[in-house]
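**Student:**
Residue numbers (my numbering): 430 to 587.
1. Given that a residue counts as buried once 16 or more other Cβ atoms are within 10 Å of its Cβ, and exposed if not, what is residue 546?
2. Can you name the start and end residues of the alpha helix (DSSP H) that residue 518 belongs to?
3. Rounded to the nearest angstrom, what separates residue 534 and residue 485 at their Cα positions?
4. Quick one: any contact between the segment 556–564 and the segment 520–540, if contact means 3 or more CB pairs under 8 Å?
5. Exposed or buried, which one is residue 570 when buried takes at least 16 other CB atoms within 10 Å?
6. What is the DSSP secondary structure of residue 544, reduced to helix, strand or coil?
7. Any idea which residues DSSP pairs residue 551 with across the strands?
8. Count the other C-beta atoms from every protein chain shown that fall within 10 angstroms of the C-beta of residue 511, then say buried if there are 16 or more, exposed otherwise.
9. Could you pull out every residue in the same chain whose Cβ sits closer than 7 Å to the Cβ of residue 437, ignoring the five residues on either side in sequence?
10. Less than 9 Å separating the beta-carbons of residue 472 and residue 527?
11. DSSP three-state label for residue 475, please.
12. Helix, strand or coil: which one does DSSP assign to residue 575?
13. Thinking C-beta only, is residue 465 closer than 9 Å to residue 474?
14. Identify, in the order they occur along the chain, each residue of the same chain with its Cβ nearer than 6 Å to the Cβ of residue 553, setting aside the five sequence neighbours on each side.
15. Where residue 519 and residue 499 are concerned, what is the direct C-alpha to C-alpha distance, given to the nearest angstrom?
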């Protein structure tokens with residue numbers, strides 16, 4: 430599981446770096462050469478969606494998302510595992526719906542032949558990459574809902 434988590438974080442970080450480099454490069458070429466990078470806006474916008482989907486998977490794994498700390502603090506220690514599994518199950522159901530909807534978007538953009546204006550790059554590739562991020566979230570949440578033991582440092586200390 431450690432390698433899977435590292436891969437999730439690596440993909441999200443690499444995509445964020447690429448998006449920042451693309452935006453910066455386009456700003457520099459616009460300023461100095463009066464020529465922006467073709468389709469930079471579309472690629473940056475679509476890559477941001479991909480980064481968000483992969484970052485959600487990393488946040489779920491590190492339990493770094495919004496939690497009900499008031500309820501958590503008042504729950505006896507022996508019941509916290511069950512509370513964690515219930516929360517992961519609810520999030521799993523929500524992410525399964527998101528994955529289903531995004532999968533439909535991938536098929537729709539593939540069948541419609543939607544491409545970028547300047548370079549003609551198909552948009553379904555970006556949608557599929559985001560869909561893979563939601564699948565990573567589902568795998569992480571399924572492991573947590575089924576009671577996979579957390580790695581050290583994943584749970585808040587008392």
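Every residue gets a Cβ at the ideal spot worked out from N, C-alpha and C, and that includes glycine.
**Tutor:** So, from the data block:
1. For the purposes of this step, residue 546 is taken as the residue at position 117 of the chain shown. By the neighbour-count rule (16 or more Cβ atoms within 10 Å), residue 546 is not buried but exposed.
2. For this step, residue 518 is matched to residue 89 along the chain shown. Taken as a continuous stretch (DSSP letters only), the alpha helix (DSSP H) holding residue 518 covers 506–541.
3. The residue given as residue 534 occupies position 105 in the chain shown. The residue given as residue 485 occupies position 56 in the chain shown. Rounded to whole angstroms, residue 534 to residue 485 spans 19 Å at the Cα level.
4. yes
5. Walking along the chain shown from the start, residue 570 turns up at place 141. With 16 or more other Cβ atoms within 10 Å, it is buried.
6. Looking up residue 544 in the chain shown gives position 115. Reduced to three states, the DSSP call for residue 544 is strand.
7. Taking the chain shown and counting its residues from 1, one reaches residue 551 at position 122. According to DSSP, residue 551 bridges with 544.
8. As a first step, residue 511 must be located in the chain shown, where it is residue number 82. Counting Cβ neighbours within 10 Å, residue 511 comes out exposed, since fewer than 16 surround it.
9. Indexing the chain shown from 1 puts residue 437 at position 8. Once the five neighbours on either side are set aside, the close Cβ partners of residue 437 are 483, 486, 487, 490 and 565.
10. In the chain shown, residue 472 corresponds to position 43, counting from 1. In the chain shown, residue 527 corresponds to position 98, counting from 1. Not in contact: residue 472 and residue 527 (Cβ atoms no closer than 9 Å).
11. Numbered from its first residue, the chain shown carries residue 475 at position 46. Residue state, collapsed to three classes: helix.
12. Taking the first residue of the chain shown as 1, we reach residue 575 at position 146. Of the three classes helix, strand and coil, the one that applies to residue 575 here is coil, per DSSP.
13. Looking up residue 474 in the chain shown gives position 45. Looking up residue 465 in the chain shown gives position 36. No, the pair does not count as a contact, with Cβ atoms beyond the cut-off.
14. For the purposes of this step, residue 553 is taken as the residue at position 124 of the chain shown. The answer, listed in chain order, is 535, 538 and 539.
15. Counted from its first residue, the chain shown places residue 519 at position 90. Counted from its first residue, the chain shown places residue 499 at position 70. Those two C-alpha atoms are separated by around 18 Å.
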